[in-house]
Amino acid sequence: TPKPLVRAGGVPLIEYHLRAIKAAGVEDVVINHAWLGQQIEDHLGDGRLWGLNIRYSPEGEPLETGGGIFRALPLLGDEPFIVVNGDIWVDFDFSSLTKPLKGLAHLVLVDNPPHHPAGDFALVDGQVHDDAARPRLTYSGIAVLHPQLFAGCSGDAFKLAPLLRDAMAKGLVTGERFAGRWVDVGTHERLAEVEQMLAVKP
């Protein structure tokens, strides 16, 4: 089963995202996928069930975090777009990401989980820095990106982080810290953590 279709509380992870972005007023969704991606298309269809318009960008072979988004750019248009990793669970309010983007990227950061204690980036006065000397937070897998972030890229597999670091060095990456519930569902133990959160959800 592809991770976005793994169920937590009886609901596939990706459906939590679809409900949340619909609640934020987003209607057009592009899903890029590689491994067993046809299962995702078969399950979600055109998105009508959630009041969304879903299109798909199949990768064929894995293109990593940056290459997958780059491949999908023709479907995403010229305006900034929200990115959500399919294998996280979060109770984030996506409406905060619909305001105008300043720069090339806006990252949602979270406190460092036990499996990633060193974190990724520093957040200082709303700007994100790649500064090992400062306390760092973890990238949540949620961001707003401008297509110009990918200027000069080619269609091969590449990671997103180097593009973000280049933009950070130019002061073009803003960020926010999300203090709510977030889980990177990479193991059965972390899936159990989500199940527990859902069981006690107010």
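Here our numbering is used: the first residue of the sequence shown is -6, the next is one more, and so on. We put the beta carbon where it would ideally sit given N, CA and C, even for glycine.
- Does the distance from the C-beta atom of methionine 190 to that of tryptophan 82 stay below 9 Å? yes
- Item | Cβ-Cβ separation, histidine 139 to leucine 94 (assumed contact under 8 Å), whole Å | 6 Å
- Message: If you reduce the DSSP assignment to three classes, tell me which class valine 187 lands in.
- Response: helix
- Query: Can aspartate 80 and alanine 13 be called in contact, C-beta distance under 9 Å?
  - Reply: no
- Message: What does the Cβ neighbour count give for valine 101, buried or exposed, with the cut at 16 atoms within 10 Å?
- Response: buried
- Query: For threonine 167, which beta-bridge partners are listed by DSSP?
  - Reply: His99 and Gln120
- Beta-carbon proximity of glycine 60 to alanine 160, cut-off 9 Å: no
- Item | Whole beta strand (DSSP E) elements within the region 105 to 154, 3-residue minimum | 115 to 117, 120 to 122 and 131 to 138
- Query: In three-state DSSP terms, what is arginine 174?
  - Reply: coil
- Query: Cα separation between serine 133 and valine -1?
  - Reply: 18 Å
- Message: For glutamate 52 and asparagine 78, I'd like the C-alpha separation in whole angstroms.
- Response: 15 Å
- On the DSSP bridge assignment, give the partners of asparagine 78 in chain order. In the DSSP output, where bridge partners are listed per residue, asparagine 78 has none listed.
- Three-way DSSP call (helix, strand, coil) for proline -3 in this model: helix
- State buried or exposed for aspartate 113, treating a residue as buried only when at least 16 other CB atoms are found within 10 Å of its CB. buried
- Task: Report yes if the C-beta distance between threonine 167 and valine 121 is below 9 Å; otherwise report no.
- Result: yes
- leucine 6 beta carbon less than 9 Å from that of valine 178: yes
- Query: Comparing alpha-carbon positions, which option in Gly18, Val76, Gly2 and Ala125 lies nearest alanine 98?
  - Reply: Val76
- Item | Residues of its chain near valine 176, where Cβ-Cβ distance is below 7 Å and the 5 sequence neighbours each way are ignored | Ile81, Trp82, Arg183, Glu186 and Val187
- Query: Out of curiosity, what's the CA-to-CA distance linking leucine 45 and valine 137?
  - Reply: 19 Å
- Item | Cβ pair aspartate 39, isoleucine 47 closer than 9 Å | yes
- Task: Could you tell me which residues DSSP puts in a beta bridge with proline 5?
- Result: Arg0
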